[in-house]
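Only one structure is covered here, and it is reproduced in the block below.
2 protein chains.
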Amino acid sequence: MATKKRTKDEWIAAAVEALAEGGVDAVRVERLARTLGVTKGSFYWHFTDRGTLLSTLVQGWEAGGTQDVIAQVDALGGDARARMRRLWEVTQGDRGLAAELALRDWARRDPEVAARVQRVDDARMGYVRALFVEMHPDADDIEARAMLLYSLLIGNYFIRARHGRRGRPRVLSEAIELLMAAQPS
Amino acid sequence: MATKKRTKDEWIAAAVEALAEGGVDAVRVERLARTLGVTKGSFYWHFTDRGTLLSTLVQGWEAGGTQDVIAQVDALGGDARARMRRLWEVTQGDRGLAAELALRDWARRDPEVAARVQRVDDARMGYVRALFVEMHPDADDIEARAMLLYSLLIGNYFIRARHGRRGRPRVLSEAIELLMAAQPS
DNA sequence: CCCTCTCCATACGGTTGCGTATGGAACGTA
DNA sequence: TACGTTCCATACGCAACCGTATGGAGAGGG
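Protein chains in written order, with the working numbering: chain S, 76 to 260; chain P, 76 to 260.
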């Protein structure tokens with residue numbers, strides 16, 4: 076099995092894995108080399124230095140982090156409510172979410188990462204906004220609802236509170252239904 | 076000025092500062108020593124090792140991270156709505172919020188930190204829950220609203236989307252008012 | 001068979017950081 | 001003055017990394 080040849084993508088995949096488990100500072104080239112069963116020599120042939128690895132990593136995340144999810148949701152069709160529920164399921168089961176959270180923390184101190192996260196967030200918020208508009212065409216609080224939903228999506232993984240015997244998943248779905256409900260006025 | 080004596084609390088304060096700016100992995104004893112204008116010798120007199128510094132750091136955060144805010148909010152009195160709006164203002168202006176966010180990311184890979192974050196979240200959620208109960212005594216979606224509000228508080232700092240000419244602060248206050256509104260049913 | 005291109009191993013110098021060991025300065029106290 | 005306590009400086013060994021330099025194995029082409 077020990078194919079001693081490692082492609083550029085394999086290095087990036089290993090970097091994403093390390094990012095998800097230990098944050099940016101855990102992405103070390105000599106560690107990745109051990110994981111991949113090779114030495115640094117391989118790395119410095121594929122990349123010029125550690126910075127370019129990290130750079131291409133976030134670049135790839137931006138490229139595939141938005142359209143994949145949206146396409147996956149739209150594939151099944153349905154009305155706005157159905158698609159929003161599906162959006163939730165898709166993003167929750169995502170295996171790469173841990174990496175994304177580490178990446179968001181990383182974005183707080185790296186301008187390039189921050190810029191890419193912003194573009195992804197803009198795209199996703201645009202999609203969520205469109206769903207809410209489809210539900211309530213004449214509502215004036217679309218933006219607030221979209222921000223609440225997206226915050227729930229992200230904050231869910233940074234908040235560790237317990238909810239009694241109700242359970243987190245149940246509370247979350249209740250929250251989504253609340254956001255999709257008609258205007259209170 | 077160069078008081079060459081550094082107390083234990085000064086070391087912790089410097090550690091919090093480093094945590095806020097660069098995450099846990101930026102909390103290095105030799106770096107802190109340079110910042111404080113002393114050498115490692117001072118550190119290893121006050122602490123046994125780096126681990127105990129980090130441990131006492133999160134311990135102090137748990138101790139002061141909850142009651143301070145709640146006391147500050149309750150001090151002015153007012154009804155539940157007024158206190159919730161005040162809760163928002165207080166937490167937003169908090170200078171130590173960057174450290175808390177770094178700490179939450181850290182909690183994803185350190186069980187001790189995770190346990191402390193959970194206790195803090197439970198306490199805060201309890202307070203938010205109580206506010207919502209005071210507003211809507213017979214509502215059955217209290218937990219969902221509390222979770223949404225708390226998610227907004229946290230997610231706000233991890234989300235970098237733009238909101239057109241409306242502006243983030245305005246969207247946030249609209250979201251809070253939406254959560255405080257009566258039940259849609 | 002040789003040559004070249006691709007990919008990786010090995011070895012090196014330099015930096016950063018941890019924890020320890022030991023000495024010393026400042027200061028109060030007997 | 002002699003002495004002990006408190007707090008920090010200095011120096012050391014060790015480990016983990018980074019980036020570079022250089023050589024070498026393997027495959028394909030001529």
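Note that CB positions come from ideal geometry on N, CA and C, so glycine has one too.
Quick caveat: nothing in here was measured; it's all calculated off a predicted structure.
Spatial neighbours of P/VAL148 in its own chain (CB-CB distance under 7 Å, excluding positions within 5 residues in sequence) are listed in chain order as ARG158, ARG161, LEU162 and VAL165. Between S/ARG199 and the set P/VAL195, P/ALA236 and P/ALA219, the nearest pair of CA atoms involves P/ALA236.
Assignment of P/ARG184 by DSSP, reduced to helix, strand and coil, places it in the coil class. Per DSSP, the unbroken alpha helix (DSSP H) holding S/LEU223 starts and ends at 217-230. With respect to chain S, the C-beta atom of P/ALA138 has no partner C-beta closer than 8 Å.
Here P/ILE251 carries a helix assignment [DSSP, helix/strand/coil]. Rounded to whole angstroms, the separation of the alpha carbons of P/ASP213 and S/ALA189 is 43 Å. S/ASP180 places its beta carbon less than 8 Å from that of S/GLY98. The segment 136-153 of chain P makes no contact with the segment 134-152 of chain S; the number of CB pairs closer than 8 Å stays below 3.
Short of 7 Å from the beta carbon of P/VAL203, and not among the five residues preceding or following it, lie these beta carbons of its own chain, in chain order: ALA221, LEU224 and TYR225.
Interface flag for P/GLN193 against chain S is set, since a Cβ pair is found closer than 8 Å. DSSP places P/LYS79 outside both helix and strand once states are collapsed to three, so it counts as coil.
The Cβ of P/TYR202 sits no closer than 8 Å to any Cβ of chain S. In the structure shown, P/ASP213 falls within a coil segment according to DSSP collapsed to helix, strand and coil.
Taking CB atoms only, S/ALA250 has a neighbour in chain P less than 8 Å away. Contact annotation, S/ALA173 with S/ALA95: C-beta distance approximately 4 Å; criterion of less than 8 Å satisfied.
If you draw a straight line from the Cα of S/ARG109 to the Cα of S/THR82, it comes to about 15 Å. In this structure, S/ARG183 places its C-beta atom within 8 Å of the C-beta atom of P/LEU176. CA-CA distance, S/ARG194 to S/VAL133, rounds to 12 Å. For S/ALA89, the CB contacts under 8 Å within the same chain, skipping 5 residues up- and downstream, are LEU107, THR110 and LEU111 in chain order.
S/VAL246 reaches chain P at GLU218, ALA219, ALA221 and MET222, counting residues in chain order whose Cβ is nearer than 9 Å.
Where S/HIS121 is concerned, the enclosing alpha helix (DSSP H) starts and stops at 115-121. Neighbours of P/ILE145 in chain S, taken as residues whose beta carbon is under 8 Å from its own, are absent, since the nearest beta carbon is some 15 Å off. Per DSSP, reduced to three states, the secondary structure at P/VAL102 is coil, with no helix or strand assignment.
Inclusion of S/ARG241 and P/GLU218 in the CB contact set at 8 Å is warranted, their separation being smaller than that value.
Per the coordinates, the alpha-carbon of S/ASP216 lies some 19 Å from the alpha-carbon of P/ARG156.
Cβ-Cβ distances below 8 Å link P/ALA257 to HIS211 in the same chain, with the five nearest sequence neighbours on each side left out; the list follows chain order. Minimum Cα-Cα distance from P/ILE145 among the listed residues P/GLU105, P/GLU249, P/GLY201 and P/ALA93 corresponds to P/GLY201. Membership of P/ASP149 in the alpha helix (DSSP H) is indicated by the continuous run 142-150. Contact of S/ASP124 with chain P is not assigned, every C-beta pair being separated by 8 Å or more. Residue contact check for P/ALA189 against chain S: a CB pair falls below 8 Å. Residues of chain P whose Cβ lies closer than 7 Å to the Cβ of S/HIS238 are, in chain order, GLU218. The beta carbon of S/GLY140 sits closer than 6 Å to those of VAL195, all from its chain and outside the five residues before and after it, given in chain order.
P/ALA236 carries a coil assignment under DSSP once its states are collapsed to helix, strand and coil. Rounded to whole angstroms, the separation of the alpha carbons of P/PHE233 and P/PRO244 is 15 Å.
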